[in-house]
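Chemist:
There are 2 protein chains.
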Amino acid sequence: MNSLGEKIRALRESKGILLRQVAAFLEIDTALISKIERGERRLTRKQVIKVANYYNVTDEELLTLWLSDKVLNTIDSDPYAMQGLNKAKTILKTLL
Amino acid sequence: MNSLGEKIRALRESKGILLRQVAAFLEIDTALISKIERGERRLTRKQVIKVANYYNVTDEELLTLWLSDKVLNTIDSDPYAMQGLNKAKTILKTLL
DNA sequence: TCTAAATTTGACACAAATTGACAAATCTTT
DNA sequence: AAAGATTTGTCAATTTGTGTCAAATTTAGA
């Protein structure tokens with residue numbers, strides 16, 4: 323339930339960048355980015371976009387993970403999570 | 323984006339019950355259930371279950387709508403909403 | 001190993017969102 | 001017009017989200 327954190331940690335490590343550096347770029351405390359990568363906290367939408375640029379990946383890729391994490395977090399482990407998700411998808415389709 | 327509110331309003335009206343009565347049953351203010359039916363506020367999970375019993379429908383039916391509303395609310399009108407939903411679904415499947 | 005840098009943890013602060021009550025305004029029915 | 005039903009607006013209490021800071025722990029290099 324923390325796809326984005328894992329992803330940006332992988333990106334950071336693959337480029338040999340320090341938490342300190344990402345934190346500076348995002349203008350937040352190092353402790354915070356540490357928590358974010360481990361899924362203890364979440365990025366804001368704007369921060370996700372900044373990070374995507376920083377690591378040279380598309381906004382879409384990271385935002386999709388970010389949204390997915392948010393969704394899974396709100397339906398948590400509700401027994402009807404899948405039904406709710408399907409209903410949401412059906413409704414969303416009609417809105418597009 | 324307020325499937326549940328519409329549903330419970332329809333249920334209430336089909337049975338000719340007053341907001342006042344539902345509110346009394348749920349032990350909340352009448353104004354609140356009014357707002358809930360119009361999507362201005364949300365029920366808690368426990369209240370959804372109480373309402374389901376009150377109107378003699380299944381928990382599953384109302385909780386599905388409740389979850390769907392929550393999901394659609396959190397992904398709001400993000401341009402990548404559908405991608406996020408699909409990713410969430412994929413991940414959720416692996417967790418079951 | 002020793003130590004310095006990097007990361008993690010826990011406590012706290014502040015802001016924003018949520019949940020509810022209450023009073024007043026509006027809508028409906030008779 | 002009067003009574004009841006519903007809606008609206010505002011305020012308080014609580015919860016949740018976003019961030020900092022200091023201290024503890026882990027990791028790496030000399």
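The listed protein sequences correspond, in order, to chains Z and D.
Quick note: to get this note's numbering, add 322 to the position in the first sequence (first position is 1).
Quick note: to get this note's numbering, add 322 to the position in the second sequence (first position is 1).
Note that the Cβ used here is the ideal one computed from N, Cα and C, for glycine as well.
Which chain Z residues are close to Ser356 (chain D), counting only those with a beta carbon under 7 Å from its beta carbon?
Modeler: As a first step, residue 356 (chain D) is located in the second sequence; it is residue number 34 there, counting from the start. Here the premise fails: no neighbours, minimum Cβ distance about 23 Å.
Chemist: Taking contact to mean at least 3 C-beta pairs separated by less than 8 Å, is the region 395-405 of chain D in contact with the region 380-394 of chain Z?
Modeler: Taking 8 Å as the limit for Cβ pairs, the verdict is that the region 380-394 of chain Z does touch the region 395-405 of chain D.
Chemist: Going along the chain, which residues of the region 366-390 of chain D sit with their C-beta nearer than 7 Å to a C-beta in chain Z?
Modeler: Of all residues in the region 366-390 of chain D, Glu382, Leu385, Thr386, Leu387, Leu389, Ser390 have a Cβ within less than 7 Å of some Cβ in chain Z.
Chemist: Does Thr396 (chain D) come within less than 7 Å of chain Z when only Cβ atoms are used?
Modeler: Along the second sequence, one-based indexing puts residue 396 (chain D) at 74. Thr396 (chain D) counts as touching chain Z.
Chemist: Under DSSP, the alpha helix (DSSP H) around Tyr376 (chain Z) begins and ends at which residues?
Modeler: The sequence position of residue 376 (chain Z) within the first sequence is 54, counting from 1. Counting along the chain, the alpha helix (DSSP H) containing Tyr376 (chain Z) begins and ends at 367-377.
Chemist: Taking a Cβ distance cut-off of 9 Å, strictly less, list which residues of the region 327-358 of chain Z are near chain D, in chain order.
Modeler: Result list empty, no residue passes.
Chemist: Could you give the distance in angstroms between the alpha-carbon of Leu365 (chain Z) and the alpha-carbon of Gln405 (chain D)?
Modeler: Working through the first sequence from its first residue, we reach residue 365 (chain Z) at position 43. Working through the second sequence from its first residue, we reach residue 405 (chain D) at position 83. Distance between the alpha carbons of Leu365 (chain Z) and Gln405 (chain D): 18 Å.
Chemist: Is Gly327 (chain Z) buried or exposed, if buried means 16 or more other CB atoms sit within 10 Å of its CB?
Modeler: Here residue 327 (chain Z) is taken as the residue at index 5 of the first sequence, counted from 1. Gly327 (chain Z) is buried by the Cβ-count criterion.
Chemist: Would you mind giving the Cβ-Cβ distance between Leu333 (chain D) and Tyr377 (chain D), rounded to the nearest angstrom? I have them listed as a contact below 8 Å.
Modeler: Against the second sequence, residue 333 (chain D) aligns to sequence position 11. Against the second sequence, residue 377 (chain D) aligns to sequence position 55. The Cβ separation is near 4 Å, so the contact holds.
Chemist: Taking Cβ positions, are Leu341 (chain Z) and Ser356 (chain Z) nearer each other than 7 Å?
Modeler: The residue you call residue 341 (chain Z) lines up with position 19 of the first sequence. The residue you call residue 356 (chain Z) lines up with position 34 of the first sequence. In contact: Leu341 (chain Z) and Ser356 (chain Z) (Cβ atoms closer than 7 Å).
Chemist: With three or more beta-carbon pairs closer than 8 Å as the criterion, would you say the region 345-356 of chain Z touches the region 379-390 of chain Z?
Modeler: No: the two stretches stay apart, fewer than three of their Cβ pairs being nearer than 8 Å.
Chemist: Would you decide whether Glu382 (chain D) is buried or exposed? Buried here means 16 or more other CB atoms lie within 10 Å of its CB.
Modeler: Looking up residue 382 (chain D) in the second sequence gives position 60. By the neighbour-count rule (16 or more Cβ atoms within 10 Å), Glu382 (chain D) is not buried but exposed.
Chemist: In angstroms, rounded to a whole number, what distance separates the CA positions of Gln369 (chain Z) and Gly338 (chain Z)?
Modeler: Start at 1 with the first residue of the first sequence, and residue 369 (chain Z) comes out as number 47. Start at 1 with the first residue of the first sequence, and residue 338 (chain Z) comes out as number 16. Taking the straight line from one Cα to the other gives about 20 Å.
Chemist: Within 7 Å (strictly less), CB to CB, does Gly406 (chain Z) reach chain D?
Modeler: Counting from 1 along the first sequence, the entry for residue 406 (chain Z) is found at position 84. At least one chain D Cβ lies under 7 Å of Gly406 (chain Z).
Chemist: Mind checking which residues open and close the alpha helix (DSSP H) that includes Thr396 (chain D)?
Modeler: The count along the second sequence starts at 1 and reaches residue 396 (chain D) at position 74. Thr396 (chain D) -> alpha helix (DSSP H) spans 381-397.
Chemist: Less than 7 Å between the C-beta atoms of Leu407 (chain D) and Lys411 (chain Z), yes or no?
Modeler: Within the second sequence, the letter at position 85 stands for residue 407 (chain D). Within the first sequence, the letter at position 89 stands for residue 411 (chain Z). In this structure, Lys411 (chain Z) lies closer than 7 Å to Leu407 (chain D) by Cβ.
Chemist: Counting only the same chain and skipping the five closest in sequence on each side, list residues whose C-beta sits under 8 Å from that of Ile413 (chain D).
Modeler: Within the second sequence, residue 413 (chain D) is the residue found at index 91, counting from 1. There are no such residues.
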